[in-house]
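Peer 1: So the sequences go chain by chain: A and B.
For reference, each letter of the first sequence is one residue, going 1 to 457 in my numbering.
For reference, each letter of the second sequence is one residue, going 1 to 517 in my numbering.
Every residue, glycine too, gets a C-beta built ideally from N, C-alpha and C.
Got a structure for you, questions after.
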Amino acid sequence: MADGEELMAVEGCGIGDWEGRWSHMQKFLERTGPFTHPDFEPSEETLQFLLETCKILVIGAGGLGCELLKNLALSGFRHIHVVDMDIIDLSNLNRQFLFRSKDVGRPKADVAAEFINQRVPGCNVVPHFKKIQDFDASFYRQFHIIVCGLDSIIARRWINGMLLSLLSYEDGVLDPSSIIPLIDGGTEGFKGNARVILPGMTACIDCTLELYPPQITFPMCTIASMPRLPEHCIEYVRVLQWPKDKPFGDAVGLDGDNPVHVQWVFQESLKRAAEFNITGVTYRLTQGVVKRIIPAVASTNAVIAAACATEVFKIATSAYIPLNNYLVFNDVDGLYTYTFEAELKDKCSACSQVPQKLQFPPSAKLQEVLEYLTENASLQMKSPAITATLEGKNKTLYLQTVASIEERTRPNLCKTLKELGLADGQELAVADVTTPQTVLFKLNFTSETCSIKHVQN
Amino acid sequence: MTDHKTSKEQKYDRQLRLWGDHGQEALENAHVCLINATATGTEILKNLVLPGIGSFTIVDGHKVSGEDVGNKAQAATELLQELNGDVSGNFVEEVSVNVNQTYWSFTFSIYTHVLNHTYLRLGSVLWEAGVPFLICRTYGLIGYMRLIVKEHTVVESHPDNALEDLRLDQPFTELKHHVECYDLDNMEKKDHSHTPWIIVVAKYLEKWYSEHNSQLPKNYKEKEAFRQLIRAGILTNENGTPEDEENFEEAIKNVNTALNPTKVPSGTEEIFNAEQCENITAQSPSFWVIAHGVRDFVRNEGNGNLPVRGTIPDMIADSDKFIKLQNVYRDKAMKDAAVVSKHVEALLQSVGKPPESTSEQEIKLFCKNAAFLRVVRCRSLAEEYSVDTFNKDEITSCMDSTDSEMVLYLMLRSIDRFYQQHSRYPGVYNYQVEEDINKLKLCVNSLLQEYSLNVNVKDDYIHEFCRYGAAEPHTVAAFLGGSAAQEAIKIITHQFVPFNNTFLYNAMSQTSATFQL
């Protein structure tokens, strides 16, 4: 029985494959079966494709990423790239098993790649200590499949948008060879999900934005004057007191990874809590609130990464019909899974070909448009930059992410759309961190007597 | 309040937020035994070593294929130990499991792969010794887990959506007094808008009682009327338009659940009525001793109700009002827990045990979780396999749908039958696949016949299982590795609820099911 390779124990072996190394995989690639994909043909070439040609991109080398890299390497994938912008922290070691305490401070991508390349003969993982936004279309186009283990919805939407931008249409028909399947995994404590996205064909990340639970925020008036929970006290110190006291210097921002900073917040939070007779402020809670820590364990990451890797295998080999298209997992009480088909949203701002509409009366202020872009459940933009073509020139109406431009364009927020010179039917281009492509909106003026509440797309 | 965090606390920070320091302690005191270092087995152990299991022992006599030096158990032990320096591991080279070994010294035993007559015998030894036993196996694209534990008690089940314990239908004296301190009709607007919704509901309930013969709003119509009553209490400005009073909106929103009658949940009631709770002896685990104490409380000082939980959800209110209200519940919870302590003390005394046998902390934790207690009892392997006691109903009703995961269970049973007859698994080599389909079908039929199961096992599954050729693909082993490790952690920490008792995972469809066999 060729069990040797699962233990990653085989040291000193050459790059060549020993007898029976891939016998597990071969049974699925070289034999017919009743449940295979209708396109499946048993062949020895599929294994060769896996070993020699198939190129996979793993985004994230953290809890899910480490597991994904191991799973893919042990399933025969040899050409793997991994992107991660983070460095290793001690708190990663309870689950990110490609790292050891001596690696703390080093880039995750680098250490992960080293580990796999050393332990799995023949595997070649190429690391990138970068943000996903540092790469352009030409980078992403080289991969057969992309699998994500990200911890941010913004990043997911970005890569989602990138793959959508790679799609090409001929006479309105999608060219299947331009589709790069995206397999996305996510975990939080004992809950997780895995989904398969075929850009342009199945529900994309933005189609199902409402599935993501809202981020926990605390109302400002509670924080400022009516704290009730220990969390409120900590948020007060983080958001209001730190900028005022500047405890470590004028330009020094609060760094959640700096224990001295966290200690200061902890002590001040205790004082605040004492003022209101609130108990329960601890160092652990303080760090949790400051860093918005999500609890994590090895087991959930193992399960979700395994499900994702199984899908990579199915898609790469056509051995079985892939997951269609969303799996939810929860092992708080027994083990619960639920599999369903997330539906394409008709007028998805990311993947539908339908132009997005903005409906406002001409007397509406630009501020209202900004609020709509950020608050609308299907758009949920973070800090949109709005530009329009006026008198033949490209004019930035409002941009938040560059301080000088923000200051210059801020007065526009109080101006009405009419005052800004915008016309009915005008196109507005909106850029945001949630998408690599600008989103074009068509501005439709509604009559003044219409209520300000605009029609949702 | 120490500000120095040990590096262990930092390393385990993300998981400490799930099971706490006491859960971690239980994990670090556990010794797990893994029998057979298969891919599945090593994946399970990896997911126990990383979070810091105390120690592990691997029992496996097989050699690593193609290697001259060392055996599987040794190789696996070394690799796993390297993952976490806090964990100690050792191995035992034994090809066939010696059932006379001291397996009962383990906190937990995990068995992966191989012959079913071995694990049946092992199962009965561990059952008698009270050692929880988990059987895991990856077969092709199918994952299987079977948990065998006679009785597993859980105080901290951490339910996802727990109802609050507010006692609005049966306010305790201190709560009544506290509510009396409020006079909603004569408050400044600021105070009125920042009165906790619990107080608002309590006040309007009093009004309702006076007009409805002291009866709670029962049906939808009455609850709606009650909501309107509260809405009418929202302050209005000079023009008669209602002010923005978020606390009143919260009260209206919460009417539905806030008026749920307080009662002992059926799960807890069952625990109170269990034989182990009734008959406390010097050997009774503290779970049952405390349960009995709480039961005594319920029947006496509690007037039919559990000790007050003592927590309230966050709500719009000024700090002072909220904290005072929260303290009313907290203080009552402490009082109730103290009474329970007295009952427990008396109980311990009556069976000749010192009062320190259960700690204050244990009792407080129990009282806080009294509505969420769970007891998991798994049937033994003997019961599952015996023709007289196997769960015919469950199998038959599931198989009404021929693609139910139950068919995977039947296939695994048939595969073992095949092994017993032919000393090998079906379809391991390409040339065997076609022949073995018929042989496997005979095994399936003999299984169904032996158990008088009138179900249809589709030929497709027989073909598919021959196709698998006993392969153990890594991704399926990894899925099971994560699942099984967490079940082990649940058993060891007594937190969260383990499955009962058979879990099947189908990687083809990415579906799963749990059966009680």
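1) Contact defined as beta carbons within less than 8 Å: I believe isoleucine 491 of chain B pairs with proline 51 of chain B. What is the distance between those atoms, to the nearest angstrom?
2) Determine the contact status of histidine 158 of chain B and glutamine 495 of chain B, defining contact as a CB-CB distance below 8 Å.
3) Just to confirm, is the Cβ distance from valine 237 of chain A to leucine 323 of chain A under 8 Å?
4) Within this structure, are the beta carbons of phenylalanine 287 of chain B and threonine 493 of chain B separated by less than 8 Å?
5) Among residues of its own chain, excluding the 5 on either side of glutamine 349 of chain B, which ones have a beta-carbon nearer than 8 Å to its beta-carbon?
6) What residues in the segment 247-268 of chain B bring their beta carbon closer than 8 Å to a beta carbon of chain A?
7) Leucine 358 of chain A and phenylalanine 441 of chain A: beta carbons closer than 8 Å?
8) Checking the sheet assignment: what are the DSSP bridge partners for serine 88 of chain B?
9) If we define contact as Cβ-Cβ less than 8 Å, is tyrosine 329 of chain B a contact residue for chain A?
10) I'd like to know whether the C-beta of histidine 158 of chain B is nearer than 8 Å to at least one C-beta of chain A.
11) How big is the Cα-Cα spacing for aspartate 68 of chain B and glutamate 41 of chain A?
12) The beta strand (DSSP E) with tyrosine 505 of chain B in it runs from where to where?
13) Apply the 10 Å Cβ neighbour rule to leucine 381 of chain B and answer buried if 16 or more other Cβ atoms are within range, or exposed otherwise.
14) So is tryptophan 19 of chain B buried or exposed if we call it buried at 16+ other beta carbons inside 10 Å?
15) Between which residues of its own chain and phenylalanine 445 of chain A is the CB-CB distance below 6 Å, once the five residues before and five after are set aside?
16) Residues of the segment 455-473 of chain B in Cβ contact with chain A at a cutoff of 7 Å, in chain order, please.
17) Indicate whether tryptophan 158 of chain A and threonine 401 of chain A have their beta-carbon atoms separated by less than 8 Å.
18) Mapping DSSP to helix, strand and coil, what is arginine 231 of chain B?
19) Alpha carbon to alpha carbon, how far is alanine 319 of chain A from lysine 441 of chain B?
20) Under a CB-based cut-off of 8 Å, is aspartate 314 of chain B close to chain A?
21) Leaving out the 5 sequence neighbours to the left and right, which residues in its chain are closer than 7 Å to leucine 229 of chain B when beta-carbon positions are compared?
22) Less than 7 Å between C-beta atoms, sequence neighbours within five positions excluded: which residues of the same chain meet that for arginine 106 of chain A?
23) The alpha helix (DSSP H) that contains histidine 22 of chain B, what's its start and end?
24) Please compile the residues from chain B whose C-beta is within a distance smaller than 8 Å of the C-beta of glycine 256 of chain A.
25) Here's a check: name, in chain order, each residue in its chain whose Cβ is nearer than 8 Å to the Cβ of glutamate 345 of chain B, leaving out the five neighbours to either side.
26) Using a Cβ cut-off of 7 Å, pull out every chain A residue sitting near methionine 508 of chain B, in sequence order please.
27) Can you tell me the Cα-Cα spacing of arginine 379 of chain B and asparagine 84 of chain B, whole angstroms?
28) In chain order, what are the residue ranges of uninterrupted alpha helix (DSSP H) at least 4 long that sit wholly in the segment 106-181 of chain B?
29) Please decide whether glutamate 67 of chain A counts as near chain B, where near means a Cβ-Cβ distance under 8 Å.
30) Under 8 Å, with one C-beta from each stretch per pair, do the segment 142-156 of chain A and the segment 301-313 of chain A reach the 3-pair mark?
31) Roughly how many angstroms separate the alpha carbons of threonine 236 of chain B and isoleucine 205 of chain A, rounded to a whole number?
32) What are the partner residues of isoleucine 35 of chain B, as DSSP defines its beta bridges?
33) Does DSSP put serine 509 of chain B in a helix, in a strand, or in coil?
34) On the DSSP letters alone, give me the boundaries of the alpha helix (DSSP H) that asparagine 301 of chain A sits inside.
35) Report the option in A:Trp242, A:Leu229, A:Arg284 whose CA atom is closest to the CA atom of alanine 273 of chain A.
36) Starting from the Cα of glutamine 241 of chain A, find the closest Cα among A:Asp257, A:Gly256, A:Val265 and give me that residue.
Peer 2: Walking through what the data contain:
1) For the purposes of this step, residue 491 of chain B is identified with residue 491 of the second sequence, where counting begins at 1. For the purposes of this step, residue 51 of chain B is identified with residue 51 of the second sequence, where counting begins at 1. That pair is no contact at about 14 Å.
2) In the second sequence, residue 158 of chain B corresponds to position 158, counting from 1. In the second sequence, residue 495 of chain B corresponds to position 495, counting from 1. Yes.
3) Start at 1 with the first residue of the first sequence, and residue 237 of chain A comes out as number 237. Start at 1 with the first residue of the first sequence, and residue 323 of chain A comes out as number 323. 8 Å or more divides the Cβ of valine 237 of chain A from the Cβ of leucine 323 of chain A.
4) As a first step, residue 287 of chain B is located in the second sequence; it is residue number 287 there, counting from the start. As a first step, residue 493 of chain B is located in the second sequence; it is residue number 493 there, counting from the start. No, the Cβ-Cβ distance between phenylalanine 287 of chain B and threonine 493 of chain B is not below 8 Å.
5) Locating residue 349 of chain B in the second sequence gives position 349, where the first residue counts as 1. Within the same chain, glutamine 349 of chain B has close Cβ partners Pro355.
6) So nothing in the stretch comes that close.
7) Here residue 358 of chain A refers to the residue found at position 358 when the first sequence is read from its first residue. Here residue 441 of chain A refers to the residue found at position 441 when the first sequence is read from its first residue. Going by C-beta atoms, leucine 358 of chain A is nearer than 8 Å to phenylalanine 441 of chain A.
8) Taking the first residue of the second sequence as position 1, residue 88 of chain B is located at position 88. Answer by DSSP bridge pairing, in chain order: B:Ser55.
9) For this step, residue 329 of chain B is matched to residue 329 along the second sequence. Not an interface residue.
10) On the second sequence, residue 158 of chain B is found 158 positions in, with the first residue counted as 1. Yes, histidine 158 of chain B counts as interfacial toward chain A.
11) Counting from 1 along the second sequence, the entry for residue 68 of chain B is found at position 68. Counting from 1 along the first sequence, the entry for residue 41 of chain A is found at position 41. Since pLDDT at aspartate 68 of chain B reaches only 41, below the 50 mark, its modelled position is unreliable, and the value read off the structure follows with that caveat. Cα to Cα, the separation comes out at about 38 Å.
12) Counted from its first residue, the second sequence places residue 505 of chain B at position 505. Element bounds for tyrosine 505 of chain B: 502-506.
13) Along the second sequence, read from residue 1 onward, the residue named residue 381 of chain B stands at position 381. By the 10 Å Cβ count, leucine 381 of chain B comes out buried.
14) Against the second sequence, residue 19 of chain B aligns to sequence position 19. When all chains shown are included, tryptophan 19 of chain B counts as buried.
15) Counting from 1 along the first sequence, the entry for residue 445 of chain A is found at position 445. Counting only Cβ-Cβ distances below 6 Å, and skipping sequence neighbours, we find Pro362, Asp424.
16) Within the segment 455-473 of chain B, Asp460, His463, Glu464, Arg467, Tyr468, Gly469, Ala471, Glu472, Pro473 place their CB atoms closer than 7 Å to a CB of chain A, listed in sequence order.
17) Residue numbering aside, residue 158 of chain A sits at position 158 when the first sequence is read from its first letter. Residue numbering aside, residue 401 of chain A sits at position 401 when the first sequence is read from its first letter. It is not a contact, given that the beta carbons lie outside the stated cut-off.
18) Against the second sequence, residue 231 of chain B aligns to sequence position 231. Three-state DSSP puts arginine 231 of chain B in a helix.
19) Counting from one through the first sequence, the residue named residue 319 of chain A turns up at place 319. Counting from one through the second sequence, the residue named residue 441 of chain B turns up at place 441. Alanine 319 of chain A and lysine 441 of chain B: Cα-Cα distance of roughly 24 Å.
20) Start at 1 with the first residue of the second sequence, and residue 314 of chain B comes out as number 314. So, interface residue.
21) Counted from its first residue, the second sequence places residue 229 of chain B at position 229. Counting only Cβ-Cβ distances below 7 Å, and skipping sequence neighbours, we find Tyr204, Lys207, Trp208.
22) For this step, residue 106 of chain A is matched to residue 106 along the first sequence. Contacts found: Ile87, Ile88.
23) As a first step, residue 22 of chain B must be located in the second sequence, where it is residue number 22. 13-28 is the extent of the alpha helix (DSSP H) around histidine 22 of chain B.
24) Translated into positions along the first sequence, residue 256 of chain A becomes position 256. Going along chain B, no residue has its Cβ under 8 Å from glycine 256 of chain A, so there is no contact; the nearest lies around 12 Å.
25) Residue numbering aside, residue 345 of chain B sits at position 345 when the second sequence is read from its first letter. In the same chain as glutamate 345 of chain B, and ignoring 5 residues on each side of it, the C-beta atoms closer than 8 Å to its own belong to Pro355, in chain order.
26) The residue you call residue 508 of chain B lines up with position 508 of the second sequence. Chain A residues near methionine 508 of chain B: Phe35, Tyr320.
27) For the purposes of this step, residue 379 of chain B is taken as residue 379 along the second sequence, with counting starting at 1. For the purposes of this step, residue 84 of chain B is taken as residue 84 along the second sequence, with counting starting at 1. Spanning the two alpha carbons is a distance of roughly 35 Å.
28) Whole alpha helix (DSSP H) segments, 4+ residues: 116-129, 173-180.
29) The residue you call residue 67 of chain A lines up with position 67 of the first sequence. Yes, glutamate 67 of chain A counts as interfacial toward chain B.
30) yes
31) Translated into the one-based positions of the second sequence, residue 236 of chain B becomes position 236. Translated into the one-based positions of the first sequence, residue 205 of chain A becomes position 205. If I take the Cα positions, the gap works out to 45 Å.
32) Here residue 35 of chain B refers to the residue found at position 35 when the second sequence is read from its first residue. In DSSP, isoleucine 35 of chain B forms a bridge with B:Val59, B:Tyr111.
33) Looking up residue 509 of chain B in the second sequence gives position 509. Looking at serine 509 of chain B - three-state DSSP - the assignment turns out to be coil, as it is neither helix nor strand.
34) Here residue 301 of chain A is taken as the residue at index 301 of the first sequence, counted from 1. Here the alpha helix (DSSP H) through asparagine 301 of chain A covers 298-317.
35) For this step, residue 273 of chain A is matched to residue 273 along the first sequence. Nearest C-alpha to alanine 273 of chain A: A:Leu229.
36) The residue given as residue 241 of chain A occupies position 241 in the first sequence. For glutamine 241 of chain A, the nearest C-alpha among the options comes from A:Val265.
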